[in-house]
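A.B. asks: Below are the structure tokens for one structure; questions will follow.
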Amino acid sequence: AEAEAREALERGDKRGAVSTLMRAYGAVVYRHCRIITGDDAMADDVQQTVFVQAWRDIDRFGGRSTFKTWLFSIARNRCLDALKAHRRRRARVSLAHESPPDVADGGRPVDESMGVEQGRVALEGCLQTLAPQVRINVVMRFLEGMSFTDIARLSRERAGTVQARVSRALPALRACLEGKGVRL
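See the structure below:
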């Protein structure tokens with residue numbers, strides 16, 4: 001997909017390049033946005049914004065990274081924007097608080113006591129307890145498989161800072177998952 005998009009861009013086929021990127025990375029960008037925002041509708045909006053921005057800015061793509069990394073950089077920034085806007089709206093409107101989740105017995109592994117789907121939901125819920133920047137770093141590292149160096153480049157931080165942030169988040173995630181009955 002990378003080579004096909006680069007060739008289309010070299011031919012001046014902006015539409016073909018972005019279409020190729022949408023086919024190749026649309027689902028992973030959506031998944032990334034869904035995990036970061038914790039909301040289907042917001043993730044859908046952000047994903048669309050990512051590809052609109054890619055369409056607008058693809059002529060300025062410098063090739064210093066892969067298209068995938070470039071798209072994740074856009075997605076990271078748009079997710080943070082969406083979360084900030086959501087917090088501002090929520091601050092203006094009083095929302096009812098959700099009741100805390102029920103805790104499972106904790107005696108059986110996740111696949112026996114909760115099922116894979118419930119385990120996924122528990123993980124998504126626990127990821128939402130992390131600060132947005134920390135959540136983005138954890139998701140990029142473990143779900144997207146990016147190196148600390150790549151994440152640092154995207155977030156304009158030092159790789160050591162990103163690595164420390166992720167390392168500090170893991171015990172909090174573990175405690176949250178165990179609190180929801182997911183045995184690790």
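Here the sequence shown is numbered in this note's numbering, starting from 1 and rising by one per residue.
Even glycine gets a Cβ: it sits at the ideal position worked out from N, Cα and C.
On a predicted model such as this, the values are computed, not experimentally measured, just so you know.
1) Which residue from N77, V139, C33 and G125 puts its Cα closest to that of C176?
2) With 16 other CB atoms within 10 Å as the buried threshold, where does E7 fall?
3) Buried or exposed: which applies to G119, given that a residue is buried once 16 or more other Cβ atoms fall within 10 Å of its Cβ?
4) According to the neighbour-count rule (16 or more other Cβ atoms, all chains shown, within 10 Å of its Cβ), is F142 buried or exposed?
5) Assuming T149 contacts A159 (C-beta within less than 8 Å), just tell me the rounded distance between them.
6) So, at 8 Å on beta carbons, what are the nonlocal neighbours of M22 in its own chain, with the 5 sequence-adjacent residues on each side left out?
7) My output table needs one value for K180: the three-state DSSP class, helix, strand or coil.
8) Below 6 Å CB to CB, which residues in the same chain sit around T185 once its five sequence neighbours on both sides are set aside?
9) Check whether the stretch 129 to 143 and the stretch 48 to 62 are in contact - that is, three or more C-beta pairs closer than 8 Å.
10) Could you check the C-alpha separation between R76 and I136 for me, to the nearest Å?
11) Report buried or exposed for E144, applying the criterion of at least 16 other Cβ atoms within 10 angstroms of its Cβ.
12) Quick check on DSSP: helix, strand or coil for L127?
13) Does DSSP put S147 in a helix, in a strand, or in coil?
14) Using the rule of at least 16 other Cβ atoms within 10 Å of the residue's Cβ for burial, across every protein chain shown, is L170 buried or exposed?
15) Grouping DSSP H, G and I as helix and E and B as strand, with all else coil, what is T161?
C.D. replies: If we stick to the structure as given:
1) One-based indexing of the sequence shown puts residue 176 at position 176. Nearest of N77, V139, C33 and G125 to C176, Cα basis: G125.
2) Here the question's residue 7 lines up with position 7 in the sequence shown. Exposed, by the Cβ-count rule.
3) Here residue 119 refers to the residue found at position 119 of the sequence shown. Buried, by the Cβ-count rule.
4) Locating residue 142 in the sequence shown gives position 142, counting from the first residue. With fewer than 16 Cβ atoms within 10 Å of its Cβ, F142 is classed as exposed.
5) Here residue 149 is taken as the residue at index 149 of the sequence shown, counted from 1. Here residue 159 is taken as the residue at index 159 of the sequence shown, counted from 1. With a Cβ gap of about 5 Å, T149 and A159 count as contacting.
6) Counted from its first residue, the sequence shown places residue 22 at position 22. The residues are F51.
7) Translated into the one-based positions of the sequence shown, residue 180 becomes position 180. Annotated three-state conformation of K180 is coil, per DSSP.
8) Residue coverage of the chain in this structure runs from 1 to 184, which leaves residue 185 outside it and unanswerable.
9) no
10) Residue 76 sits at position 76 when you count from the first residue of the sequence shown. Residue 136 sits at position 136 when you count from the first residue of the sequence shown. Inter-residue distance for R76 and I136 is about 7 Å (C-alpha atoms, whole angstroms).
11) Stepping through the sequence shown from its first residue, residue 144 is reached at position 144. With 16 or more Cβ atoms within 10 Å of its Cβ, E144 is classed as buried.
12) Here residue 127 refers to the residue found at position 127 of the sequence shown. In this structure, L127 counts as helix in the three-state DSSP scheme.
13) Your numbering for residue 147 matches position 147 in the sequence shown. Coil.
14) Sequence index remark: in the sequence shown, residue 170 carries index 170 (1-based). With fewer than 16 other Cβ atoms within 10 Å, it is exposed.
15) Here residue 161 is taken as the residue at index 161 of the sequence shown, counted from 1. Helix.
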